[in-house]
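Residue numbers (the working numbering), protein chains in the order written: chain A, 42 to 477; chain B, 12 to 332.
Notes follow once the structure below has been shown.
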Amino acid sequence: MLEQSTKDKITSDLLRSIRLTNSFKAWMAFLTLSLFVCLGAYVYQLNKGLVVTGLGDYVSWGMYISNFVFFVATSLIGMLISAVLGLSGQKWATPLARMAEIIALAFAAVAGLVIVSDMGRPDRLLNVFIHGRIQSPIVWDITVVTVYVLISTLFLYIPLIPDLKICHDKIEKLHPIARKAYKLLSLNYTGSHEQDLIIKKLTRAIAIFIIPVAFAIHTVTSWLFANTSRVGWDSTIFGPYFITGAFVSGTSAIVIAMYFFRTNYKLQEYITLEHFDKIGKLLVLVSLVYLYFNLNEYMVPGYKMKKFDARHINALFTGAHAFLFWSVQLGGLIIPIILLIFNKMRKPLPLLIIACCVFVGGWFKRYIIVVPTMEHPYLPIQNVPLNFKVYSPTLVEILITIAPMILVLLIVSTLAKIIPIVPIQETIEELEESHD
Amino acid sequence: MIEKEEQPKKKTRREFLQQLGIVGIGSTLGGSAILAALNYDKSKTDSQRIRVLTAQNELHEINKDDLHKVLPSKHGKLTYLQQQGRDGLEGKRFVMVIDLSKCQNARKCMAACQNAHHLRPEQHHINVLKMEETENTPPYYMPKPCQHCDNPPCVAVCPVDATFKRQDGIVLIDNERCIGCRFCIAACPYSARIFNWAEPLNAQVEKDVEYNVELNVPQKKGTISKCLFSADQVRLGKLPYCVSACPNGVYYFGDENEDTVTNGTTKETVRFKKLLEDNGGYTLMPELGTKPRVYYLPPKGKTVPFNEQDREEASEHLHHS
Chain A
42 MLEQSTKDKI TSDLLRSIRL TNSFKAWMAF LTLSLFVCLG AYVYQLNKGL VVTGLGDYVS
102 WGMYISNFVF FVATSLIGML ISAVLGLSGQ KWATPLARMA EIIALAFAAV AGLVIVSDMG
162 RPDRLLNVFI HGRIQSPIVW DITVVTVYVL ISTLFLYIPL IPDLKICHDK IEKLHPIARK
222 AYKLLSLNYT GSHEQDLIIK KLTRAIAIFI IPVAFAIHTV TSWLFANTSR VGWDSTIFGP
282 YFITGAFVSG TSAIVIAMYF FRTNYKLQEY ITLEHFDKIG KLLVLVSLVY LYFNLNEYMV
342 PGYKMKKFDA RHINALFTGA HAFLFWSVQL GGLIIPIILL IFNKMRKPLP LLIIACCVFV
402 GGWFKRYIIV VPTMEHPYLP IQNVPLNFKV YSPTLVEILI TIAPMILVLL IVSTLAKIIP
462 IVPIQETIEE LEESHD
Chain B
12 MIEKEEQPKK KTRREFLQQL GIVGIGSTLG GSAILAALNY DKSKTDSQRI RVLTAQNELH
72 EINKDDLHKV LPSKHGKLTY LQQQGRDGLE GKRFVMVIDL SKCQNARKCM AACQNAHHLR
132 PEQHHINVLK MEETENTPPY YMPKPCQHCD NPPCVAVCPV DATFKRQDGI VLIDNERCIG
192 CRFCIAACPY SARIFNWAEP LNAQVEKDVE YNVELNVPQK KGTISKCLFS ADQVRLGKLP
252 YCVSACPNGV YYFGDENEDT VTNGTTKETV RFKKLLEDNG GYTLMPELGT KPRVYYLPPK
312 GKTVPFNEQD REEASEHLHH S
């Protein structure tokens, strides 16, 4: 058995972050202010219509849709870390589970808002529920994303119950309302063996169930594209291509979160160098798989160069989108893979920098998937203004694209302030098991 | 009363019951018939009767009291114009034939269309494209309306049934329903669809005009528009706007069921299948399985030369960007 003093130390260490600091307040104020600026841009768009964007009748999906795909993609990390690694007995990932779940929930929930920002008539959103038709992939997408958000909430909440009890019991200097909220949310958890068993079973059940749902959300998202006859989208591997890409973005997101929580909340003992090393290796693995899918996706049409594919491939390889395409492939995928093979590169700081490149590269990768295809329809683009032929996003559009990212930061920062970012109960349990 | 009169006569019990039954039923039927007739007369005189034309073009006489004004409702009920626009014309299968050998890029079709549907200059329901298939084949002008596919990808992907296929083959849009997701634009391989990115051209003037699905007027900000095969004209038995406007005899329009199409310029009516057969008719990108209702006749034997300036634009699509 673990000594009580060790348990107390773990508890107090991991609870330390739950208090309002001035730096936190400043951070939140900054985020809120930025969010308001971006919301101003959205109000402007609501008034004027989508004409304030760089979109046109040919490139009618642009940054918003790229952003949506990226958000759905990144939200898959919850499933990868907590469910896949958890179920396969990778105990080292336990301290990262909650972080992954928070990221997953934030990105999935905000993805729904991203799609609304792209709608010409957001006031008619309810039509999707009133007149929804089952054969439209959009209806599938809304269904599975909603389910995923609900399950992710449960996946965050159920294993959190013991920690909520700990929060209620152990945090000193807590506002009475907050203490009451912890008590309410901990659902009369007393720490009995039966309750623990129920939580274990439930968590396991959710972990199993969330895997197909997570696969579904991103597969369906890929079908928004693959179910059309467009060059660059008309592909049978789009489902797995998107899923593997999602793991890359998600893993890079959790590296970034790990680094900042570790430094800001002084969690060096809990999020260790070993964690960075292992998550770095995971990033190599998922990136390699994604690279393999990229090879298939571009090499096969690139070899044949069919009439319409050729224009698309040429624009990506050597044409108008070549710089972005190669930056993303090299800087966001190939170079990170090579660097991460070295031990030194899997230390926190280098890994953070690499993960940032992968994360940003991941965003532009979605842009590369969405936009060039729309610039290459089967029939020529003629008798329209130049801005219909070549897409260039406007400032308003960029602000509205940034808004969801700010919202995610707000959600993650808030959640990390009110619940322990590293699970307390599970960390203690695991330490006990390893002692036994 | 009748039953009372019969009572004194001596009859067997069986006979009596039989007759009683016959008389009883007869009087009941007669009574109810008289009652119904009285009621019918009463209804005729009591309230005003009016005559209305149904959607099937039949004249009916009904009580004025039974008349209800159909108002647009936010909860799924459709206005008369919306319902009519969705139902389409019974027994018809509209087709268009575009003779590419005749097109000289006069663009009267584009102008007539934009005028009818209140579009901006850059918005095209029909667009005359400058085409060049390969470097050695001659360029040609190709008017491109919506293909009104029998297997329309746009209709399949629409999440709210805002775009639909009618029984007469026309694909239309209900811009009171459209949520502006633009999935249909992404799905359409013919780039036939446009979007009202800004407030439409006549938004202020047409504020109170009732929305006509078959004309897609008034246009609405944040919704889709596209070629409608001039469903409003077709309902009146007229040819589409573009077809009538063409000075060069490019367009034929008609009914596949009748196997006839009428040229918009010469007003000559010919056999649809024969026209395709004699001139090597084809559809655009049949390999996509969309089954267009717009047919093309190849640009064979053109007399008017292709504009040199247009040649450059035509070859742009040919070369790799």
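Even glycine gets a Cβ: it sits at the ideal position worked out from N, Cα and C.
What you are looking at is a predicted structure, and each value in this text was computed from that prediction instead of being measured.
Continuous alpha helix (DSSP H) assignments of at least 4 residues falling wholly in the segment 340–409 of chain A: 348–358, 363–367 and 376–381
So, are the CB atoms of A:G95 and A:Y408 less than 8 Å apart? Residue 95 of chain A sits at position 54 when you count from the first residue of the first sequence. Residue 408 of chain A sits at position 367 when you count from the first residue of the first sequence. In this structure, A:Y408 does not lie closer than 8 Å to A:G95 by Cβ.
Under DSSP, the alpha helix (DSSP H) around A:G280 begins and ends at which residues? For the purposes of this step, residue 280 of chain A is taken as the residue at position 239 of the first sequence. Taken as a continuous stretch (DSSP letters only), the alpha helix (DSSP H) holding A:G280 covers F279 to N305.
Between A:K458, A:H476, A:A124 and A:I469, which lies nearest to A:I212 when the distance is taken from Cα to Cα? Position 171 of the first sequence, counted from the first residue, corresponds to residue 212 of chain A. If we check each option's Cα against that of A:I212, A:K458 comes out closest.
Closer than 8 Å by beta-carbon distance: list the chain B residues that pair up with A:N160, in chain order. Numbered from its first residue, the first sequence carries residue 160 of chain A at position 119. Position check: residue 160 of chain A holds Met in this sequence, whereas Asn was assumed. By Cβ distance, chain B contributes I190, G191, C192 and G233.
Considering only residues of the same chain and omitting the five flanking positions on each side of A:L128, which have a CB-CB separation below 6 Å? As a working mapping, residue 128 of chain A is identified with position 87 in the first sequence. Result list for A:L128: A248, in chain order.
Can you find a C-beta in chain A that's less than 8 Å from the C-beta of B:A197? To locate residue 197 of chain B, count along the second sequence from 1; it is residue 186. Interface with chain A (8 Å Cβ-Cβ cutoff): B:A197 is included.
Per DSSP, what kind of secondary structure is B:Y307 in: helix, strand or coil? As a working mapping, residue 307 of chain B is identified with position 296 in the second sequence. In this structure, B:Y307 counts as strand in the three-state DSSP scheme.
Using the Cα positions of A:F502 and A:P281, report the straight-line distance between them to the nearest angstrom. Beyond the ends of chain A as shown, which are 42 and 477, falls residue 502 of chain A; an answer cannot be given.
Quick one: what's got a C-beta closer than 8 Å to A:V411's C-beta in the same chain, skipping five residues either side? Residue 411 of chain A sits at position 370 when you count from the first residue of the first sequence. So the qualifying residues of the chain are W102, G103, I106, S107, V110 and F266.
Contacting residues, own chain, Cβ-Cβ under 7 Å from B:H86 (five flanking each side not counted): Position 75 of the second sequence holds residue 86 of chain B. Low per-residue confidence applies at B:H86: pLDDT is 44, beneath 50, and the placement is therefore not dependable enough to give any value.
Report yes or no: is there a C-beta of chain B within less than 8 Å of the C-beta of A:W102? Position 61 of the first sequence, counted from the start, is the residue given in the question as residue 102 of chain A. It does; some Cβ of chain B falls within 8 Å.
Between B:I137 and B:C199, which are expected to be in contact by the criterion C-beta below 8 Å, what is the C-beta distance as a whole number of angstroms? Looking up residue 137 of chain B in the second sequence gives position 126. Looking up residue 199 of chain B in the second sequence gives position 188. The Cβ separation is near 14 Å, so there is no contact.
Let me make sure I understand the geometry here. Which of A:L472, A:V325 and A:V272 has the alpha-carbon closest to that of A:T414? The residue given as residue 414 of chain A occupies position 373 in the first sequence. Nearest option by C-alpha distance: A:V272.
Outcome for B:S241 when other beta-carbon atoms lying within 10 angstroms are tallied against a minimum of 16: Working through the second sequence from its first residue, we reach residue 241 of chain B at position 230. Buried, by the Cβ-count rule.
Chain-order list of residues whose beta-carbon lies under 6 Å from that of A:E44 (same chain, five-residue window excluded): Indexing the first sequence from 1 puts residue 44 of chain A at position 3. Closer than 6 Å at Cβ, skipping near neighbours: no residue.
Please classify A:E142 as buried or exposed, where buried requires at least 16 other C-beta atoms within 10 Å of its C-beta. Mapped onto the first sequence, residue 142 of chain A falls at position 101. Label assigned to A:E142: buried.
For B:Q266, name the three-state secondary structure that DSSP assigns. Here residue 266 of chain B corresponds to residue number 255 of the second sequence, with the count starting at 1. The question names Gln, yet the displayed sequence has Asp at residue 266 of chain B. Correct three-state label for B:D266: strand.
Cutoff 6 Å; reference B:K313; Cβ partners in own chain excluding five residues on either side: Here residue 313 of chain B refers to the residue found at position 302 when the second sequence is read from its first residue. Hits under 6 Å: S112.
Mind checking who B:P154 pairs with in its DSSP beta bridge? Start at 1 with the first residue of the second sequence, and residue 154 of chain B comes out as number 143. BP columns for B:P154 point to B:V139.
Please list, in chain order, the chain A residues whose beta carbon lies closer than 7 Å to that of B:L140. Within the second sequence, the letter at position 129 stands for residue 140 of chain B. Per Cβ cutoff of 7 Å: L420, P421 and Q423.
At a CB-CB cut-off below 7 Å, which residues of chain B make contact with A:Y99? On the first sequence, position 58 is the one that residue 99 of chain A refers to. Those are S202, listed as they occur along chain B.
Check whether the Cβ of B:L299 lies closer than 8 Å to any Cβ atom in chain A. Within the second sequence, numbered from 1, the residue matching residue 299 of chain B stands at position 288. Interface residue, yes.
Chain A residues whose Cβ lies nearer than 8 Å to that of B:E146: Residue mapping note: residue 146 of chain B aligns to position 135 of the second sequence, counting from 1. Result: empty, since nearest Cβ-Cβ is about 13 Å, beyond 8 Å.
Just curious, the alpha helix (DSSP H) that B:L130 is in, first and last residue? Position 119 of the second sequence holds residue 130 of chain B. From DSSP, B:L130 is part of no alpha helix (DSSP H); its letter is neither H nor E.
Rounded to whole angstroms, what is the Cα-Cα separation between A:M160 and A:I469? Locating residue 160 of chain A in the first sequence gives position 119, counting from the first residue. Locating residue 469 of chain A in the first sequence gives position 428, counting from the first residue. Each residue's alpha carbon lies about 47 Å from the other.
Following the continuous beta strand (DSSP E) through A:S475, name the residue where it begins and the one where it ends. For this step, residue 475 of chain A is matched to residue 434 along the first sequence. No beta strand (DSSP E) contains A:S475, which is instead part of the alpha helix (DSSP H) from I465 to H476.
DSSP has B:N74 in a bridge; who is on the other side? For this step, residue 74 of chain B is matched to residue 63 along the second sequence. Looking at the DSSP output, B:N74 sits in a beta bridge with B:R60.
For B:G265 and B:F283, believed in contact at Cβ under 8 Å, the rounded distance: If you number the second sequence from 1, residue 283 of chain B lands on position 272. If you number the second sequence from 1, residue 265 of chain B lands on position 254. Indeed, because the Cβ distance is near 6 Å, the residues count as touching under 8 Å.
Do you know offhand how far A:I278's Cα is from A:V453's? For the purposes of this step, residue 278 of chain A is taken as residue 237 along the first sequence, with counting starting at 1. For the purposes of this step, residue 453 of chain A is taken as residue 412 along the first sequence, with counting starting at 1. Whole-angstrom Cα-Cα distance: 33 Å.
Count the other C-beta atoms from every protein chain shown that fall within 10 angstroms of the C-beta of A:T283, then say buried if there are 16 or more, exposed otherwise. As a first step, residue 283 of chain A must be located in the first sequence, where it is residue number 242. The question names Thr, but residue 283 of chain A is Phe in the sequence shown. Of the residues assessed, A:F283 falls on the buried side of the cut-off, its CB having 16 or more other CB atoms within 10 angstroms.
Assign A:M446 to one of three DSSP states: helix, strand, or coil. Numbered from 1 along the first sequence, position 405 holds the residue referred to as residue 446 of chain A. A:M446: helix per DSSP, three-state reduction.
Paired residues, beta bridge with B:Y293 - DSSP: Here residue 293 of chain B corresponds to residue number 282 of the second sequence, with the count starting at 1. In DSSP, B:Y293 forms a bridge with B:Y307.
Classify B:I61: buried if its beta carbon has 16 or more other beta carbons within 10 angstroms, exposed otherwise. Your numbering for residue 61 of chain B matches position 50 in the second sequence. Classification of B:I61: exposed, given that the 10 Å Cβ count is below 16.
In or out: A:P217 buried (at least 16 other Cβ within 10 Å) or exposed? Residue mapping note: residue 217 of chain A aligns to position 176 of the first sequence, counting from 1. Burial state of A:P217 is exposed, judged by a 10 Å Cβ sphere holding fewer than 16 other Cβ atoms.
Can you tell me which of the three DSSP states B:M107 falls into? Indexing the second sequence from 1 puts residue 107 of chain B at position 96. Strand, per DSSP.
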